[in-house]
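Notes follow once the structure below has been shown.
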Amino acid sequence: MINIPRGTQDILPEETKKWQLIEAKLHELMKLYNYQEIRTPIFESTDLFARGVGDSTDVVQKEMYTFKDKGDRSITLRPEGTAAVVRSYIENKMQGLPNQPVKLYYNGPMFRYERKQRGRYRQFTQFGVEAIGAENPAIDAEVLAMVMHIYQSFGLKHLKLVINSIGDIDSRKEYNEALVKHFEPVIGEFCSDCQSRLHTNPMRILDCKVDQNHEAIQNAPKINDYLNEESKTYFANVKQYLDELDIPYVEDSNLVRGLDYYTHTAFELMIDNPDYDGAITTLCGGGRYNGLLELLDGPSETGIGFAFSIERLLMALEEEGIDLGVENNLDLFIVTMGEEADDYAVQLLNKLRHNGVKADKDYMERKIKGQMKQADRLKARYTVVIGDQELENNQINVKHMESGNSETIRLSEIVNFFN
Ligand code: AMP
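Sequential numbering from 71 applies to the sequence shown in the working numbering.
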């Protein structure tokens with residue numbers, strides 16, 4: 071027997087119902103905020119991620135599904151959405167569109183070769199948004215408000231929004247220099263990843279999993295002390311909007327993003343439940359990326375976005391015991407007795423379905439009792455029994471399954487009964 075690849079999952083019908091409901095709600099929410107859907111390929115040139123996600127990141131160094139295609143091109147299954155959306159923005163010259171900023175969202179599978187655990191898969195579905203073309207604290211606030219709105223609209227309560235500013239490119243340059251100076255004397259005590267990060271990506275040392283308790287991490291310089299006036303004002307304005315919108319948040323100066331193109335606002339949405347005992351608490355991550363478009367040879371536009379996986383949203387729902395209320399809502403199950411009735415039911419089903427009635431019948435030659443059981447299992451709202459007598463009299467009993475009440479109607483009227 072061939073098994074499913076490690077870190078992937080089959081989403082079976084009971085679960086896909088939840089996914090459909092979640093995805094439908096997300097599409098509706100996006101309309102409220104005037105974001106439009108974009109669909110980019112599942113695979114891209116490896117270079118896009120090497121540059122757009124960053125050579126020094128774990129994602130690029132360790133986690134990408136990369137292969138050569140038959141034309142000897144290096145191809146990678148996308149590990150995240152932003153780089154591809156920005157590539158498409160540049161390629162399609164969206165900076166020239168009349169409607170600015172360009173507000174986009176995506177929803178689709180991403181691939182990372184990670185260690186499997188609850189909430190972490192090798193194929194997962196990320197929903198994300200990108201607002202490109204405006205550098206304005208109000209759009210940062212809009213994006214943060216959306217994150218909260220999305221999660222709260224599913225009834226989730228134990229949420230913590232963590233924000234920080236990593237300043238503009240000048241601020242972070244100074245900060246990086248300070249970090250290098252700070253870590254240089256003790257870098258020999260750090261893991262090999264950190265040693266190689268010192269000059270390529272010193273901010274990443276701050277969130278090293280191996281050395282997180284090292285004294286030098288605890289007393290490292292804080293980004294907030296390196297923000298220039300412009301960056302401080304930008305951050306203050308974002309926070310003022312959040313206050314005005316009654317969006318609670320906590321600030322965490324250790325929330326940094328390692329790459330040069332990240333600027334200003336950085337944020338994460340976390341599970342905040344004292345009873346939660348899972349290892350993974352981050353639900354969603356995002357931030358502003360003022361240098362990314364230029365890095366990918368695009369115009370000097372700026373953007374902000376976030377992404378979360380549907381898998382983690384489901385995990386949070388499960389944690390809080392929230393039932394999405396998905397129903398199996400077959401309108402009608404037709405029980406038949408005899409060959410003639412069965413043939414009639416085939417025609418009738420066709421007619422019902424073309425009139426928008428969700429209906430089904432038996433195909434397993436079950437006895438009446440078995441057919442009734444099947445109707446129960448399918449949670450059909452109504453059943454009818456059709457036999458020779460019903461056909462002859464043109465009369466049937468439509469039974470409401472929950473109450474047990476039934477009503478006699480003309481067989482030829484059945485479509486109208488449901489409309
Ligand atoms: P990142 O692109 O690493 O900032 O991740 C953004 C969000 O994507 C996370 O907050 C998760 O919701 C989701 N995510 C990232 N990696 C995985 C994974 N391996 N499995 C499931 N969800 C993931």
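No residue lacks a Cβ here, since even glycine has one placed at the ideal position from N, Cα and C.
On the CB-based measure, 16 or more other CB atoms within 10 Å of its CB, does residue i come out buried or exposed?
i           : result
residue 309 : buried
residue 222 : exposed
residue 341 : buried
residue 334 : buried
residue 162 : exposed
residue 382 : buried
residue 238 : buried
residue 114 : buried
residue 272 : buried
residue 415 : buried
residue 235 : buried
residue 344 : exposed
residue 296 : buried
residue 130 : buried
residue 450 : buried
residue 104 : exposed
residue 180 : buried
residue 332 : buried
residue 185 : exposed
residue 83  : exposed
residue 200 : buried
residue 444 : buried
residue 301 : buried
residue 108 : buried
residue 75  : exposed
residue 141 : exposed
residue 475 : exposed
Determine whether the beta carbon atoms of residue i and residue j lie at a separation below 7 Å.
i           : j           : result
residue 257 : residue 249 : no
residue 317 : residue 216 : no
residue 151 : residue 377 : yes
residue 353 : residue 386 : yes
residue 466 : residue 485 : no
residue 427 : residue 452 : no
residue 146 : residue 136 : yes
residue 311 : residue 153 : no
residue 156 : residue 418 : no
residue 192 : residue 77  : yes
residue 58  : residue 479 : Given that the chain is displayed from residue 71 to residue 489, the structure contains no residue 58 and the question cannot be resolved.
residue 144 : residue 110 : no
residue 182 : residue 133 : yes
residue 346 : residue 293 : no
residue 457 : residue 391 : no
residue 371 : residue 363 : yes
residue 198 : residue 375 : yes
residue 441 : residue 405 : yes
residue 229 : residue 319 : no
residue 350 : residue 195 : no
residue 422 : residue 411 : no
residue 91  : residue 394 : yes
residue 321 : residue 209 : no
residue 448 : residue 400 : yes
residue 175 : residue 100 : yes
residue 264 : residue 275 : yes
residue 307 : residue 241 : no
residue 327 : residue 357 : yes
Let me check one thing: in DSSP terms, what residues is residue i bridge-paired to?
i           : result
residue 404 : 431 and 454
residue 233 : 321 and 337
residue 469 : 453 and 476
residue 79  : DSSP output for residue 79 lists no bridge partner at all.
residue 144 : 138
residue 113 : 147
residue 106 : 174
Residue i: beta carbon under 6 Å from a heavy atom of ligand 2?
i           : result
residue 377 : Absence of ligand 2 from the depicted structure is noted, with ligand 1 being the only ligands included.
**Q.** Segments assigned alpha helix (DSSP H), at least 4 residues, entirely inside the stretch 421 to 445
**A.** none
Q: Output the residue ranges of the alpha helix (DSSP H) runs that lie fully inside the stretch 315 to 386 and measure 4 residues or longer, sorted by chain position.
A: Note on the stretch 315 to 386: whole alpha helix (DSSP H) runs with a minimum of 4 residues are 362 to 365, in chain order.
Q. Which runs of the beta strand (DSSP E), 3 residues or longer, sit entirely within the stretch 177 to 220?
A. 193 to 202
(Q) Runs of 4 residues minimum, wholly inside the stretch 237 to 267: which ones carry the alpha helix (DSSP H) assignment? (A) 239 to 253
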